[in-house]
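Per our numbering, residue 14 is the first one in the sequence shown, and the count goes up by one each step. Please read the structure below before turning to the comments.
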Amino acid sequence: MLRLIWVLVLTVILTFIFSVAAVLTGIFNPYSRLTNGIIRTWAKSILYISGVKVEIKGLENIDPTRSYIYMPNHQSAFDILACVVAIPGTVRFIAKKELFRIPIFAQGMLAAGMIPIDRGNSAEAHATLNRALDKIKNGVSVIIFPEGTRSRDGEIHPFKKGGFYIALLGGIPIVPMVIRGSFQILKKKSLKVGHGRIQVRFLPPVETAGRALTERNKLVKEVFRQISDTFYQKGEANDV
Numbered sequence: 014m015l016r017l018i019w020v021l022v023l024t025v026i027l028t029f030i031f032s033v034a035a036v037l038t039g040i041f042n043p044y045s046r047l048t049n050g051i052i053r054t055w056a057k058s059i060l061y062i063s064g065v066k067v068e069i070k071g072l073e074n075i076d077p078t079r080s081y082i083y084m085p086n087h088q089s090a091f092d093i094l095a096c097v098v099a100i101p102g103t104v105r106f107i108a109k110k111e112l113f114r115i116p117i118f119a120q121g122m123l124a125a126g127m128i129p130i131d132r133g134n135s136a137e138a139h140a141t142l143n144r145a146l147d148k149i150k151n152g153v154s155v156i157i158f159p160e161g162t163r164s165r166d167g168e169i170h171p172f173k174k175g176g177f178y179i180a181l182l183g184g185i186p187i188v189p190m191v192i193r194g195s196f197q198i199l200k201k202k203s204l205k206v207g208h209g210r211i212q213v214r215f216l217p218p219v220e221t222a223g224r225a226l227t228e229r230n231k232l233v234k235e236v237f238r239q240i241s242d243t244f245y246q247k248g249e250a251n252d253v
């Protein structure tokens, strides 16, 4: 219990400090190297106080000069921190609008270029995805959790189609990502924070240029299969 209180208190303090810093730097340029550094330092700090290490694999599949849509499976709130640490270059999240109701943190996210989405309003969600596409075309990579929410049981669940729509519309390559170990650290609806190692694996990009919007269902199945097959395979690659 004391460890939980310690982690929660420090997380709140660090989030407040780095949110204020993001507001101050984001006023000038939300995608600057300084703003990127603030976001990464925030993530690394919380991982450190929580006793969580991130192991990164498959980074050779990423071309740092290209913009991508990163699509990881989603098991824990710690996935966000792990992605921030693992992904190179300028990257931002599409995040549920509820997170943008948290004072100071919301202002920090908006100033840093994070993108709120209303999952209950299809028209607004569609407009949000189009705004995300504009950012990608300007050199900013975007992270979309295709399951739409964290897994309650540690399994991979069916994917939403919105992220695949903008990938096809803009011809943006998708990088499937496999995250393992985060479910054991912090489960959905749980206050018990564990410690250990999160493995983040980048799979080879799936190119979408030249593919029609009518291929969306096929693309969803293709990316789901790659993530699922890698997540469930046995052996050293998934030994977390």
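Backbone N, C-alpha and C define an ideal beta-carbon position, used for all residues, glycine too.
Query, Result
"Between the CA atoms of SER241 and LYS247 - distance to the nearest angstrom", "12 angstroms"
"Residue span of the beta strand (DSSP E) that contains GLY152, given as start and end", "Where GLY152 is concerned, there is no enclosing beta strand (DSSP E), given that its DSSP letter is neither H nor E."
"Rounded separation between VAL153 and ASP76 - CA only", "13 angstroms"
"Cβ neighbour criterion (16 or more within 10 Å) applied to TYR81", "buried"
"Span of the beta strand (DSSP E) around GLN212", "209-215"
"Strand pairing of GLU68, partner residues [DSSP]", "GLN212"
"Burial state of VAL22, where buried means 16 or more other Cβ atoms lie within 10 Å", "exposed"
"Selected residue, minimal CA-CA separation from ALA138, among ILE40, ALA108, VAL98 and VAL219", "ALA108"
"4-residue-minimum alpha helix (DSSP H) runs that sit fully inside the stretch 24-78, ordered along the chain", "46-63"
"Segment contact flag, the stretch 191-204 with the stretch 219-238, C-beta cutoff 8 angstroms, min 3 pairs", "no"
"Minimum C-alpha distance to GLY167 - residue among PHE177, ASN86 and GLY102", "ASN86"
"The alpha helix (DSSP H) enclosing ILE93, as first and last residue numbers", "91-99"
"Alpha-carbon spacing of LYS150 relative to ASN42, whole angstroms", "17 angstroms"
"Same chain only: Cβ atoms within 8 angstroms of GLU249, ignoring 5 sequence neighbours per side", "In this predicted model, GLU249 has a pLDDT of only 47, less than 50, meaning its place in the structure is not dependable; the value taken from the coordinates is given anyway. Hits under 8 angstroms: none found."
"Euclidean distance between Cα positions of MET14 and ARG114", "27 angstroms"
"Beta-carbon proximity of ILE192 to GLY176, cut-off 8 angstroms", "no"
"Which of helix, strand or coil DSSP assigns to LYS231", "helix"
"Close beta carbons around LEU27, own chain, < 7 angstroms, minus the five adjacent residues each side", "TRP55, SER58 and ILE59"
"C-alpha gap between ARG132 and HIS170, whole angstroms", "17 angstroms"
"MET84 in three-state terms, based on DSSP", "strand"
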